[in-house]
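Beneath this line is the structure, given in structure tokens, with notes to follow.
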Amino acid sequence: LAKTTQPISMDSYEGQEVNITCSHNNIATNDYITWYQQFPSQGPRFIIQGYKTKVTNEVASLFIPADRKSSTLSLPRVSLSDTAVYYCLVGDLGDYGQNFVFGPGTRLSVLP
Amino acid sequence: NAGVMQNPRHLVRRRGQEARLRCSPMKGHSHVYWYRQLPEEGLKFMVYLQKENIIDESGMPKERFSAEFPKEGPSILRIQQVVRGDSAAYFCASSPPPGGVGYTFGSGTRLTVV
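Protein chains in written order, with the working numbering: chain V, 1 to 112; chain Z, 113 to 226.
Below is the structure:
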């Protein structure tokens with residue numbers, strides 16, 4: 001299972017764009033990159049998933065360079081409610097039973 | 113986290129008692145994962161189960177912990193003779209068939225051992 005490295009914490013202000021970068025130098029050919037968001041006292045919530053280039057949904061964008069050794073989660077115009085821990089995970093979606101390894105994540109604090 | 117149902121939401125047990133945590137996966141999902149999260153820490157994988165089958169229990173403590181996912185009914189994580197160090201949030205996730213998008217987590221059971 002590919003190991004990931006993220007910043008432990010980040011601060012931002014309301015309305016700003018936030019970019020959280022995750023390193024996964026030993027990502028395998030079949031691995032996808034998935035980001036989760038977790039609020040206090042709640043289970044992680046799926047945000048976005050991608051394999052290469054760029055993926056965008058109504059919540060975020062995910063940028064993946066050609067070498068796929070890193071990825072960047074982009075949150076446009078954050079609000080106070082985006083304060084949470086964000087986890088980056090890599091794994092093979094075709095591998096049934098993948099027990100994803102969660103790192104400590106990135107604790108994002110959005111300030112007024 | 114609609115779809116994956118965990119109960120109870122909060123559970124208080126005295127040292128030495130048994131704790132039983134339940135998880136019903138999303139409709140159509142037949143694979144369940146249990147994770148434990150200590151305060152201010154990330155999620156730690158415990159066990160992965162299919163119906164009537166334990167696939168990977170490499171994250172389960174060797175003693176006092178067990179899990180099952182019967183043919184009918186929810187998956188159960190059982191902790192016998194609980195100790196204060198078992199106090200944590202326990203999350204269950206279910207996964208779609210291969211190629212599906214992401215795991216879905218439940219809201220968790222917060223176990224407090226007093």
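Just so you know, even glycine gets a beta-carbon here, dropped at the ideal spot from N, CA and C.
Option in the options with minimal Cα separation from residue i
i: Val78 (chain V); options: V:Cys88, V:Phe63, V:Gly15, V:Gln6; result: V:Gly15
i: Ala179 (chain Z); options: Z:Thr221, Z:Ser207, Z:Leu189; result: Z:Leu189
i: Tyr160 (chain Z); options: Z:Arg121, Z:Ser170, Z:Val124; result: Z:Ser170
i: Ser199 (chain Z); options: Z:Ala131, Z:Ser206, Z:Pro208, Z:Val225; result: Z:Val225
i: Thr56 (chain V); options: V:Leu75, V:Pro104, V:Gln38; result: V:Leu75
i: Lys113 (chain V); options: V:Phe102, V:Tyr36, V:Ser12, V:Thr29; result: Chain V is shown only over 1 to 112; residue 113 (chain V) falls outside these bounds and no answer can be derived.
i: Tyr145 (chain Z); options: Z:Ser136, Z:Glu184, Z:Leu123, Z:Val124; result: Z:Ser136
i: Val85 (chain V); options: V:Ile27, V:Glu17, V:Tyr13, V:Gln38; result: V:Gln38
i: Gly197 (chain Z); options: Z:Gly115, Z:Arg176, Z:Glu164; result: Z:Arg176
i: Arg148 (chain Z); options: V:Thr4, V:Met10, V:Gln42; result: V:Gln42
i: Pro208 (chain Z); options: Z:Glu152, Z:Arg121, Z:Thr221, Z:Ser142; result: Z:Ser142
i: Gly128 (chain Z); options: Z:Gln192, Z:Ser219, Z:Gly214; result: Z:Gln192
i: Arg126 (chain Z); options: Z:Lys163, Z:Ser219, Z:Val195, Z:Tyr215; result: Z:Val195
i: Met166 (chain Z); options: Z:Pro173, Z:Lys174, Z:Glu152, Z:Pro182; result: In the sequence under discussion, the amino acid at residue 166 (chain Z) is Ile, which differs from the Met named in the question. When each option's Cα is compared against that of Ile166 (chain Z), the closest is Z:Pro182.
Partners in chain Z for residue i, counting only beta-carbon separations shorter than 9 Å
i: Gln37 (chain V); result: By Cβ distance, chain Z contributes nothing, its closest Cβ being about 11 Å from Gln37 (chain V), past 9 Å.
Residue-chain proximity (residue i, chain V), Cβ-Cβ < 8 Å
i: Gly115 (chain Z); result: no
i: Thr221 (chain Z); result: no
i: Phe177 (chain Z); result: no
i: Gly154 (chain Z); result: yes
Residue-level contact to chain Z via CB, residue i, 8 Å cutoff
i: Val59 (chain V); result: no
i: Thr83 (chain V); result: no
Residue i and residue j closer than 8 Å at C-beta
i: Tyr217 (chain Z); j: Pro44 (chain V); result: The identity of residue 217 (chain Z) in the sequence shown is Phe, whereas the question assumes Tyr. Going by C-beta atoms, Phe217 (chain Z) is nearer than 8 Å to Pro44 (chain V).
i: Ser61 (chain V); j: Ile33 (chain V); result: no
i: Leu123 (chain Z); j: Leu223 (chain Z); result: yes
i: Ile20 (chain V); j: Leu89 (chain V); result: no
i: Ser23 (chain V); j: Lys54 (chain V); result: no
Proximal chain Z residues relative to residue i, where beta-carbon distance stays under 7 Å
i: Val101 (chain V); result: Phe157
i: Thr34 (chain V); result: Gly214
Proximal chain V residues relative to residue i, where beta-carbon distance stays under 9 Å
i: Gly218 (chain Z); result: Gly43
Partner residues on chain Z for residue i, Cβ-Cβ distance less than 8 Å
i: Pro104 (chain V); result: Glu153, Gly154
heavy atom of the ligand SAH below 7 Å from residue i C-beta
i: Thr56 (chain V); result: In the structure shown, the ligand SAH is absent, as is every other ligand, since no ligand is present at all.
Query - Cβ-based contacts, 8 Å cut-off: residues of the region 4-28 of chain V near chain Z - result: none
Query raised in the report: At a Cβ cut of 7 Å, what residues of the region 180-204 of chain Z count as close to chain V, listed as they run along the chain?
Result: Phe203
**Report entry** Residues within the region 42-58 of chain V neighbouring chain Z, beta-carbon criterion of under 7 Å
**Finding:** Gln42, Gly43, Pro44, Arg45, Phe46, Gln49
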